[in-house]
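Reading through the structure tokens given below for one structure.
Residue numbers (the numbering used here): 211 to 265.
Spelled out as structure tokens, the structure:
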């Protein structure tokens, strides 16, 4: 069973593309690490999952 499923999610803020048709599937009991360079959009992923507005 999937706890979180994002399909073809795109996010652009102030003309900068952070996510381009990204997919994420997390199953029950699974742990996930989101890693990347500073400014790459890591903080946007949990905000999208929770339905919070962009930064």
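Using N, Cα and C, we set each Cβ at its ideal position, and we do this for glycine too. Model, not experiment: these values are computed from the prediction.
Applying the criterion that 16 or more other CB atoms from any shown protein chain within 10 Å of the CB defines a buried residue, is residue 242 buried or exposed? exposed
Using three-state DSSP, classify residue 242 as helix, strand or coil. coil
Supposed close pair residue 258, residue 219 - CB separation, criterion 8 Å: So it is a contact: roughly 6 Å between Cβ atoms.
Tell whether a beta-carbon distance below 8 Å holds between residue 216 and residue 232. yes
List the DSSP bridge partners of residue 347. An answer regarding residue 347 cannot be provided, because it is not within the stretch 211 to 265 covered by the chain.
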